[in-house]
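Here is the structure we will look at, set down as structure tokens.
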DNA sequence: TACTTTCTTGAACGATCGCTCAAGTATATA
DNA sequence: TATATACTTGAGCGATCGTTCAAGAAAGTA
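Protein chains in written order, with our numbering: chain R, 1082 to 1277; chain S, 1082 to 1277.
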């Protein structure tokens, strides 16, 4: 009996993610969303409930994409290979709406005015960091990284380096590729057993 | 003949900087500013012209504070000593309205909707990076850092590391002090002449 | 073809946005 | 003390914010 929606919800979430990623929370108005999604207010609220809810979906979708990309990389190039390639990948090409991390942008923008969403973004970042740690452990098991390092500490530092890289990549006049290369090169040195 | 303002403009700019720093551009309404500065709309616009203009002043004030803090550090501890202490300093204490860099926050938030302000923030970041490079060169002249490194490259990487550190410090559940220590420790290694 | 169920449309809501301006108040000079 | 020159006040402007909802259109069942 019913009538089917004229849109594909998954596609709309992708588009919303890209818009939010580029413009941020406050920088994206309902009018922007209606235009980009091709939805009138009524349909928008029937489909997503509120701007907050959609942003939450977009955040989850974003995080899911990041972990998938890294896992794929690990499947193809191994743990260390993936960790080395990832920095270059996230700042590469003009395919993404922004170079900076959407999760980091969200934490910075909303920490002091929307705890809900900021906390969710932060949780996704922690999740990602856990994945980094797993890969470092895997690299250690494979003998690619010395056991003398703490994988969690390496992951923490790697996450911080990535966030810095991606903020730098958002700036104009900064050679982000050079920074990405340095991060990757540093990882290669972790195999050595020299005294620190 | 005239009547003197009831406020000290410099103090107001400091307060505005702290508010903008913490809450960002869109997150700070005129009502917020009026409350924090103790100014009614009329006085506000008489004194500052617009929200944009005040934000610009706040941005400049912020950048000026950063360079001063670093220069003071260099005067007391030397170039390398200053570079090593700075990371710990910027994320330390609860004295600042936020841990993240206001310039970075501004670039991320406004790049796609207020070129004017984003570009100004970016320029301040470049300025800071030049100061880093000068200090690295100074450290090289003092023999604290090997000449085999390019000071500009070191500064670029240092800036990126700092930005990452300060985003990390804004998160909950992250041991930012540990990251700051690692950044400082890495600088100490730059004196060695080992093969890279 | 009639009916039911859902989706779509878009006008309009109250709240807030950044901002203006006329009227009132305080202070320094004369 | 009178006057000129600011500065201060706060009501209220038009625009936009996120959101609601009643009315109309489309599609599956009977």
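By construction, the Cβ of each residue, glycine as well, lies at the ideal position given by its N, Cα and C atoms.
Three or more Cβ pairs drawn from the stretch 1228-1238 of chain S and the stretch 1251-1263 of chain R lie within less than 8 Å of each other, which places the two stretches in contact.
Rounded to whole angstroms, the gap between the alpha carbons of residue 1161(R) and residue 1168(R) is 12 Å. Among the CB atoms of chain S, none fall inside 7 Å of the CB of residue 1172(R). Only 1188, 1189, 1190, 1192, 1193, 1194 from the stretch 1187-1200 of chain R bring a Cβ to less than 7 Å from some Cβ of chain S. Residues of chain R whose Cβ lies closer than 8 Å to the Cβ of residue 1256(S) are, in chain order, 1237. DSSP places residue 1181(R) in the coil class of the three-state scheme, outside both helix and strand. For the set 1148(S), 1192(S), 1206(S), the Cα lying nearest the Cα of residue 1244(S) is the one of 1206(S).
DSSP, read as helix, strand or coil, puts residue 1273(S) in coil.
Per the coordinates, the alpha-carbon of residue 1198(R) lies some 7 Å from the alpha-carbon of residue 1137(R). Contact annotation for residue 1253(S) against chain R: 1203 [CB-CB distance below 7 Å, chain order]. At a cut-off of 7 Å between beta-carbon atoms, residue 1104(R) makes contact with chain S.
Taking every protein chain shown into account, the CB of residue 1156(R) has fewer than 16 other CB atoms within 10 angstroms, so this residue is exposed. In this chain, the alpha helix (DSSP H) harbouring residue 1249(R) covers 1232-1251.
Secondary structure of residue 1208(S) (DSSP, three-state): helix.
Contact annotation: residue 1151(R) and residue 1166(R) have beta-carbon atoms that are not nearer than 7 Å. Between the alpha carbons of residue 1184(R) and residue 1084(S) lies a distance of about 50 Å. For residue 1106(S), the secondary structure class from DSSP, reduced to helix, strand or coil, is coil. Sequence-ordered contacts of the stretch 1138-1151 of chain S with chain R are nonexistent [C-beta pairs closer than 8 Å]. With the criterion set as a beta carbon lying under 7 Å from some beta carbon of chain S, the stretch 1154-1180 of chain R has no members that meet it.
Across the structure, residue 1133(R) and residue 1270(R) are spaced so that their CA atoms are roughly 44 Å apart. Contact between residue 1144(R) and residue 1118(R) is ruled out by a C-beta separation of about 21 Å, above the 8 Å threshold. Below the 8 Å Cβ cutoff, chain R contributes 1185, 1188, 1189, 1241, 1244, 1245, 1248 as neighbours of residue 1248(S), in chain order.
Against chain R, a Cβ distance below 7 Å from residue 1207(S) picks out 1254.
Taking the Cβ atoms as the reference, residue 1140(R) lies roughly 7 Å from residue 1187(R), within the contact range of under 8 Å.
Residue contact with chain R for residue 1107(S): present (Cβ-Cβ distance below 7 Å to some residue of chain R). For residue 1141(S), the enclosing alpha helix (DSSP H) begins and ends at 1132-1171. Judged by DSSP secondary structure, residue 1114(R) falls within the alpha helix (DSSP H) whose first and last residues are 1111-1118. Residue nearest to residue 1109(S) within the set 1219(S), 1159(S), 1190(S), 1249(S) is 1190(S) (criterion: CA-CA distance). Annotation: Cβ neighbours of residue 1259(S) in chain R (cutoff 9 Å, chain order): 1234, 1237, 1238. Closer than 7 Å to the CB of residue 1115(R) there is not a single CB belonging to chain S.
Collapsing the DSSP output to three states places residue 1123(R) in a helix. Per DSSP, reduced to three states, the secondary structure at residue 1255(S) is coil, with no helix or strand assignment.
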